[in-house]
Amino acid sequence: MLEAVPNVSEGRDPGAVEEIGRALAGGVRLLDVHADADHHRSVYTLAGDDDAIVRSLVAGAASAVDVIDLRVHDGVHPRVGAVDVVPLVPLVPDGMEAARGAALATAELLASELGLPVFLYGEVGQGRRPAFFRRGGLRELERRIEAGELEPDLGPRAIDPRSGAVLVGARAPLVAYNVDLATDDVSVAKEVAAAVRESGGGMPGVQAIGLRLPRAGRTQVSMNVLDLERSPLHEVYARIVAEAVVRGVAVEGGELVGLVPASVVDAAAAAGAHVPGVDARRALERLLAL
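If you're matching positions, the sequence shown starts at 42 in the working numbering and goes up one per residue.
Written as structure tokens, this is what we have:
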């Protein structure tokens, strides 16, 4: 069994989100769908055996490429593809080799059957992260290819502006979590994100960006927490609250994107901490057992 968490660049059309979900769910379990209109992005959580999950990912990608046109896309989340990122995640400690194999098989089919330029990341891509490819957006990615700075690992060199490229990887479990701030000043969100993320001298394994959500009328610190042992989610949330208070801003709430390992819920409970939107109902292991 593997987990896959494909992210697609559609979060506003419920019919399209459902259509892509149906395509992804063939032969595997669709555990969760998180759609966000401001991010203009949907995150699907799947679980299944190696072969079935590869087939489902390719079918879902075909559906997404059919219904999404990046030329008219205006979401706030960085992206380079209609099917932006496709991570394969082991569900057991010794499962990374299977995740790597499934990631490579998925990448080959996305390139050969759908004609998508594929870039590999994580355990199959020399440890690179999606942000390496996303910086500057799709136009910058195209420029880097034209300049010879980057080449797709698989698929065509030319990028179709309608469908873009796709990032395929194998990685350890992480938590995607957003914290809303009670201000419309995006500079505050960016300052808090910079203070919290590892690259700014903050917490280990934390990636964070500050965003303004025009539809929701608020700002947000959007994060991936990659190292859950050194940076437990409840401690990351507490750090964001503290950084916001220093700047005279309250936290309005938190939003989990996808699911969390049960250990995240257990660690928060043991510390007597509350993390908005995170409880046992959102634990991956619990849903797998149903």
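Backbone N, C-alpha and C fix where the C-beta goes; we use that ideal spot for every residue, glycine too.
The structure displayed is predicted, hence computed values, not measured ones.
When the options are compared against residue i, the one with the closest alpha-carbon
i	options	result
D77	G101, P255 and R112	P255
S228	N219, Q261 and R203	Q261
G348	L157, H80, V216 and L132	Nothing in the structure corresponds to residue 348, since the chain is present only between 42 and 331.
E44	G68, S83, L87 and R198	L87
D73	H315, L300, A308 and A330	L300
G294	L269, Y218, A321 and K231	Y218
V106	A279, R323 and D201	D201
A314	R280, A285, E284 and L328	R280
G196	S104, A236, Y162 and L150	L150
G52	V99, D79 and V233	D79
A97	F174, A283, V113 and A143	The question names Ala, but residue 97 in the sequence shown is Ser. Nearest C-alpha to S97: A143.
8 Å Cβ cutoff met for residue i and residue j
i	j	result
A146	A211	no
R70	G89	yes
V95	P47	no
H81	D110	no
L222	V292	yes
P245	R271	yes
V121	G168	no
V126	L65	no
V58	V298	no
A249	R259	no
Contact with chain D by residue i, beta-carbon distance below 8 Å
i	result
G116	The structure shown has no chain D; it contains just one protein chain.
Beta strand (DSSP E) segment containing residue i, residue limits
i	result
E293	V292 to V298
S83	R82 to G89
L65	Premise fails: L65 lies in the alpha helix (DSSP H), P55 to L65, not in any beta strand (DSSP E).
H75	R70 to D77
R259	R259 to V266
CB-CB length for residue i against residue j, believed under 8 Å
i	j	result
V108	E181	25 Å between Cβ atoms; not a contact.
P171	P193	Incorrect: roughly 15 Å between the Cβ atoms, too far for contact.
S263	L274	Not a contact, Cβ separation roughly 14 Å.
Enclosing alpha helix (DSSP H) for residue i [first to last residue]
i	result
R253	No alpha helix (DSSP H) holds R253; the beta strand (DSSP E) holding it covers V247 to L254.
V113	It is not in any alpha helix (DSSP H) - V113 carries neither H nor E in the DSSP assignment.
E44	From DSSP, E44 is part of no alpha helix (DSSP H) but of the beta strand (DSSP E) over L43 to A45.
S304	A303 to A311
V286	L274 to V287
R212	That residue, R212, is in no alpha helix (DSSP H); it is neither H nor E in DSSP.
L329	L325 to A330
Could I get the ranges of all uninterrupted beta strand (DSSP E) runs contained in the stretch 126-208, with 3 residues as the minimum, in chain order? 159-163
Sequence ranges, beta strand (DSSP E) only - wholly within the stretch 214-243, length at least 3: 216-222
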